[in-house]
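For the protein sequence lines, the chains are A and B, in the order given. Per the UniProt record's numbering, the first sequence starts with residue 1, numbered consecutively. Per the UniProt record's numbering, the second sequence starts with residue 1, numbered consecutively. Just so you know, even glycine gets a beta-carbon here, dropped at the ideal spot from N, CA and C. Remember, predicted model here, so these are calculated numbers, not experimental data. Read through the structure below, which is laid out as structure tokens, and then see the notes.
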Amino acid sequence: MSKTNQSPGAPAATLQQTGRSVRLSGLSKHYGDFAAVDGIDMDIRAGELLTLLGASGSGKTTTLSMIAGFTTPTEGTVLIDGEEITRVPPHKRNLGMVFQHYSLFPHMNVRTNVEFPLKQRGVPKAERRRRAMEALEVVELAHRAQARVTELSGGQQQRIALARALVFSPSVLLMDEPFGALDRALREKMQMEVRRIHRELGVTVVFVTHDQQEALTLSDRIAVFERGRIEQVGTPEDLYERPASLHVATFLGESNLLPGTVDGGVFVTRSGSRLSAGSAENGPATLVVRPEHVRVQPATGTGAGIAATVGEVVYLGADKRLVAVTADGEITARIAAAEGYRPGDDVRLGWEPGAAAVFPG
Amino acid sequence: MNQRTPVRLPLALWAGVTALLLVAPTLVVIPLSFTERRSFSFPIEGWSLQWYERFFTDPRWYGALGTSIAVAIGAALVATVAGTLAAIALDRARLRYGWLIRALLLLPVVVPQIVAAVAIFGTYLGWGISGTPLGLLLAHIVLAIPFVVIPVSTALQSFDPTLERAAAVLGAGGWGRFWQVQLPLISPGVITGFVFAFVTSLDEVVIAYFLQTPTLRSLPVQMYSSVTVETDPTIAVASSLMLVFSTIVILLPRFFAARRRRLLKAKETP
Ligand SMILES: Nc1ncnc2c1ncn2[C@@H]1O[C@H](COP(=O)(O)OP(=O)(O)OP(=O)(O)O)[C@@H](O)[C@H]1O
Ligand SMILES: [Mg+2]
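Listed below in structure tokens is the structure:
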């Protein structure tokens, strides 16, 4: 994704700073018998943008609110730059936070909202005003400083909330599905804005989302959550190309899943096609392959691969999406726009042995 | 609802007539207080201020007015603070017996006043504070607390708790969050509570009657006693004054709201 017409706008010098690292160690939160977060260990590096990605109820918000201090962990510790803050109340942690539903103070105008954290820190009035205006310039809303917050659109309110979270130069910025309530175009614009601000200010960002596209767009690294545990932490590329589990493979991007069994290094589909299984152990397994790795060839002779019939072909501009019907179900492939396959053609599907991953189960 | 719909005029008329029917009997006391004759007879033939003069020269009358106003202000202030804090505590501390505490706080609304009056009178005799201003004040505070707890609880229900979290993470401690975020946002409920508490105390006659002494009489008690001995239009003066004071207190919040809106507007267009 390229940066569009956004003016680079020099960042307010006073807002620039060095982010701090966050370490979660053996962190758990139990509600009765139920473990909302179940023994998480994670190092968030200084200055990085890390996303917590996972399905609804997987424990992302609970983890974030333990970092913020709203929720007391049942077990484990939270450290910022090596200093333990597990029991420090939220107002003494010096973290910035943006919530899903803006959470601007409705009885204050835009500028007094942004001044609020400075006021709590005893910053004198004139300086408070100057710094609030600088933060509003970073989010390009300085011209609405006197407006009442209820007069602003959702996207504008969220930018004010961002300015308010950044104005006191927190070393860590927490964001819990901040753009969940915005429409898609606005969401993408806000994502670019977060990337720009993160790059310009150097703050450490922990960003919660259940939208995999958002996670791929924004993150330096992604932590995939599942039932209160972290399944994998890595760069978007790591997770996409080398998923550690079936869940990660299916959660990020589009995947084809083939059920079958592994028998001595060979993956046998339910209909009996034999494919390379790499080093997977014997037993029931699922083979995962990305559509862009599926190669489609005319069905001549009896070469390796899976026999299929073209079901439908959708033209997408840069390429085409081909859905092939096999004895093991449908397989989707991305093919060059110039390829001329039509529905009903007999084809043979294949992929490089390294392009597919086999997971037990 | 600014739209000019065809039903607008009939609706306005209907509302006006209803309001008039509700208020008119009460308003009768105002012309009566200016009558020239020593009776409540209509039509009024001549006008005079003699009953006002009588009211403000007789210490039994103006003293009672002073007592009533002082007790009403004191009771409303204490009940507003106590009732607001109670409502907040009930709202956030998910107490196991919270419903019971709430029910106890609201009890004065449902207990028949005459029963409450006898009970309070009996208790005060034991404590030795019957007939003291403090006794009357305490009784009125208890009576007024439910009228604060109810509107403040309603206001708290529409208060978004993430605003408090936002304030906390931005650096506000407990006091800062209360004064700068929570209280301003529930203030309409608090002000409503104050108004109801004030009017409740001003209007209360049964308990005040039990606790009275010749020197400690609230205005309603003085009116009630005077009716049984002499019927002259001074009582119409007392009624008019009570009307004026309760109307002022009821209209105050609207006045403040309008002024705040004007100030905000002025701030936005410097
Ligand atoms: N106060 C609580 N009491 C009991 N259970 C809770 C509480 N808070 C959260 N949970 C449970 O903990 C689990 C994790 O919740 P959490 O809010 O962290 O999920 P999430 O990953 O943020 O989900 P979402 O994407 O829907 O926001 C859920 O199953 C939830 O029901
Ligand atoms: Mg959540």
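Specify whether the region 46-56 of chain A and the region 199-213 of chain A touch according to this definition: at least 3 beta carbon pairs, one from each stretch, less than 8 Å apart. yes
Please report the distance separating the alpha-carbon of aspartate 345 of chain A from that of threonine 309 of chain A. For this step, residue 345 of chain A is matched to residue 345 along the first sequence. For this step, residue 309 of chain A is matched to residue 309 along the first sequence. Those two C-alpha atoms are separated by around 6 Å.
Pull up the distance between the alpha-carbon of leucine 258 of chain A and that of alanine 277 of chain A, whole angstroms please. In the first sequence, the residue the question calls residue 258 of chain A occupies position 258. In the first sequence, the residue the question calls residue 277 of chain A occupies position 277. If I take the Cα positions, the gap works out to 12 Å.
Nearest residue (CA-CA) to glycine 253 of chain A, options A:Gly260, A:Leu216 and A:Phe267: Residue mapping note: residue 253 of chain A aligns to position 253 of the first sequence, counting from 1. Shortest Cα-Cα distance from glycine 253 of chain A to any of A:Gly260, A:Leu216 and A:Phe267 involves A:Leu216.
C-alpha distance - valine 139 of chain A paired with leucine 173 of chain A, whole-angstrom precision: As a position in the first sequence, residue 139 of chain A is number 139, starting the count at 1. As a position in the first sequence, residue 173 of chain A is number 173, starting the count at 1. Their Cα atoms are separated by approximately 15 Å.
Which one or two residues does DSSP pair with valine 233 of chain A in a beta bridge? Against the first sequence, residue 233 of chain A aligns to sequence position 233. DSSP lists A:Ala223 as partners of valine 233 of chain A.
Do glutamate 214 of chain A and ligand 2 come close, with the Cβ less than 7 Å from some heavy atom? As a position in the first sequence, residue 214 of chain A is number 214, starting the count at 1. Relative to ligand 2, the beta carbon of glutamate 214 of chain A is positioned no closer than 7 Å to any heavy atom.
To the nearest whole angstrom, what separates the beta carbons of aspartate 176 of chain A and leucine 24 of chain A, a pair I think is in contact under 8 Å? The residue labelled residue 176 of chain A in the question sits at position 176 within the first sequence. The residue labelled residue 24 of chain A in the question sits at position 24 within the first sequence. About 16 Å; that fails the 8 Å criterion.
Report yes or no: is there a C-beta of chain B within less than 8 Å of the C-beta of proline 90 of chain A? Against the first sequence, residue 90 of chain A aligns to sequence position 90. For proline 90 of chain A, the answer is yes, since a Cβ of chain B falls inside 8 Å of its Cβ.
If we cut at 8 Å on Cβ distances, does alanine 208 of chain B have a partner in chain A? Locating residue 208 of chain B in the second sequence gives position 208, where the first residue counts as 1. Closer than 8 Å: no.
Skipping 5 residues on each side, what residues in its chain have a beta carbon closer than 6 Å to that of leucine 90 of chain B? Walking along the second sequence from the start, residue 90 of chain B turns up at place 90. Scanning its chain for C-beta atoms nearer than 6 Å, with the 5 sequence neighbours on each side dropped, one finds around leucine 90 of chain B the residues Gly98 and Arg102, in chain order.
Which stretch, first to last residue, makes up the beta strand (DSSP E) that contains valine 358 of chain A? Taking the first sequence and counting its residues from 1, one reaches residue 358 of chain A at position 358. Following the DSSP letters along the chain, one finds valine 358 of chain A inside the beta strand (DSSP E) bounded by residues 357-360.
Pairwise C-alpha distance: tryptophan 51 of chain B and proline 220 of chain B: Against the second sequence, residue 220 of chain B aligns to sequence position 220. Against the second sequence, residue 51 of chain B aligns to sequence position 51. Linking proline 220 of chain B to tryptophan 51 of chain B through their CA atoms gives a straight-line distance of about 17 Å.
If glycine 283 of chain A and threonine 261 of chain A are in contact, beta carbons under 8 Å, what's the gap, nearest whole angstrom? By 1-based counting over the first sequence, the position of residue 283 of chain A is 283. By 1-based counting over the first sequence, the position of residue 261 of chain A is 261. Sure, about 7 Å apart at Cβ, within 8 Å.
Using a C-beta cutoff of 8 Å, does glutamine 297 of chain A count as contacting chain B? Along the first sequence, read from residue 1 onward, the residue named residue 297 of chain A stands at position 297. It does not; no Cβ of chain B falls within 8 Å.
Using alpha carbons as the reference points, say which of A:His91, A:Asp319 and A:Ala36 lies closest to alanine 338 of chain A. Taking the first sequence and counting its residues from 1, the one referred to as residue 338 of chain A is at position 338. When only C-alpha atoms are compared, the closest one is A:Asp319.
Within chain B, partners of proline 360 of chain A - CB distance below 8 Å: Mapped onto the first sequence, residue 360 of chain A falls at position 360. Within chain B, no residue comes near proline 360 of chain A; the closest Cβ sits about 42 Å away, beyond 8 Å.
Is there at least one Cβ from chain B nearer than 8 Å to arginine 20 of chain A's Cβ? Indexing the first sequence from 1 puts residue 20 of chain A at position 20. Answer no: the Cβ-Cβ gap between arginine 20 of chain A and chain B never drops below 8 Å.
List the residues of chain A whose Cβ lies closer than 9 Å to the Cβ of arginine 165 of chain B, in chain order. Along the second sequence, one-based indexing puts residue 165 of chain B at 165. Per Cβ cutoff of 9 Å: Ser65, Ala68, Phe70, Pro90, Met97, Phe99 and Ser103.
Give me, in chain order, the residues of the same chain whose beta-carbon lies closer than 8 Å to that of phenylalanine 40 of chain B; leave out the 5 immediate sequence neighbours on both sides. Stepping through the second sequence from its first residue, residue 40 of chain B is reached at position 40. If we look at phenylalanine 40 of chain B and ignore the five residues flanking it on each side, its Cβ neighbours are Leu32, Thr231, Pro233 and Ala236.
Would glutamine 158 of chain A count as contacting chain B if we go by Cβ distances under 8 Å? Within the first sequence, the letter at position 158 stands for residue 158 of chain A. For glutamine 158 of chain A, the answer is no, since every Cβ of chain B falls outside 8 Å of its Cβ.
So, are the CB atoms of glutamate 231 of chain A and serine 245 of chain A less than 8 Å apart? Here the question's residue 231 of chain A lines up with position 231 in the first sequence. Here the question's residue 245 of chain A lines up with position 245 in the first sequence. The answer is yes: Cβ separation under 8 Å.
Does at least one heavy atom of ligand 2 sit under 7 Å from the Cβ of threonine 162 of chain B? Along the second sequence, read from residue 1 onward, the residue named residue 162 of chain B stands at position 162. Checking every heavy atom of ligand 2 against the Cβ of threonine 162 of chain B, none is found closer than 7 Å.
Let me check understanding here. Comparing Cα to Cα, which of A:Gly59, A:Arg195, A:Glu115 and A:Phe225 lies closest to valine 167 of chain A? Start at 1 with the first residue of the first sequence, and residue 167 of chain A comes out as number 167. The residue from A:Gly59, A:Arg195, A:Glu115 and A:Phe225 with its alpha-carbon nearest to that of valine 167 of chain A is A:Glu115.
Using the three-state DSSP reduction, which class does isoleucine 120 of chain B fall into: helix, strand or coil? To locate residue 120 of chain B, count along the second sequence from 1; it is residue 120. Of the three classes helix, strand and coil, the one that applies to isoleucine 120 of chain B here is helix, per DSSP.
Pull up the distance between the alpha-carbon of alanine 142 of chain A and that of arginine 195 of chain A, whole angstroms please. The residue you call residue 142 of chain A lines up with position 142 of the first sequence. The residue you call residue 195 of chain A lines up with position 195 of the first sequence. Alanine 142 of chain A and arginine 195 of chain A: Cα-Cα distance of roughly 20 Å.
Can we count histidine 247 of chain A as close to ligand 1, meaning its CB is less than 7 Å from some heavy atom? Sequence index remark: in the first sequence, residue 247 of chain A carries index 247 (1-based). No, the beta carbon of histidine 247 of chain A sits no closer than 7 Å to any heavy atom of ligand 1.
Since arginine 130 of chain A meets chain B, which of its residues come closer than 7 Å, beta carbon to beta carbon? For the purposes of this step, residue 130 of chain A is taken as residue 130 along the first sequence, with counting starting at 1. Result: empty, since nearest Cβ-Cβ is about 17 Å, beyond 7 Å.
Using a Cβ-Cβ cut-off of 8 Å, state whether arginine 274 of chain A counts as contacting chain B. The residue given as residue 274 of chain A occupies position 274 in the first sequence. It does not: the Cβ of arginine 274 of chain A has no partner Cβ on chain B nearer than 8 Å.
Could you spell out where the beta strand (DSSP E) holding isoleucine 129 of chain B opens and where it closes? Walking along the second sequence from the start, residue 129 of chain B turns up at place 129. Careful: isoleucine 129 of chain B lies outside any beta strand (DSSP E) and carries neither H nor E.
Since serine 239 of chain B and valine 29 of chain B are thought to touch, with beta carbons under 8 Å apart, how far apart are those beta carbons, to the nearest angstrom? Start at 1 with the first residue of the second sequence, and residue 239 of chain B comes out as number 239. Start at 1 with the first residue of the second sequence, and residue 29 of chain B comes out as number 29. Contact flag correct, Cβ pair sits at about 4 Å.
Do lysine 60 of chain A and glycine 69 of chain A have their CB atoms nearer than 8 Å? In the first sequence, counting from the first residue as 1, residue 60 of chain A sits at position 60. In the first sequence, counting from the first residue as 1, residue 69 of chain A sits at position 69. Contact flag unset, no.
Please output, in chain order, the residues near ligand 2 using a CB cut-off of less than 7 Å to any non-hydrogen atom of the ligand. A:Lys60, A:Thr61, A:Asp176, A:Glu177 and A:Val208
With lysine 125 of chain A as the anchor, note down where its alpha helix (DSSP H) starts and where it stops. Taking the first sequence and counting its residues from 1, the one referred to as residue 125 of chain A is at position 125. Unbroken alpha helix (DSSP H) run through lysine 125 of chain A: 125-138.
Using the Cβ count rule (16 or more neighbours within 10 Å means buried), how would you classify phenylalanine 34 of chain A? The sequence position of residue 34 of chain A within the first sequence is 34, counting from 1. It is exposed - the Cβ of phenylalanine 34 of chain A has fewer than 16 other Cβ atoms within 10 Å.
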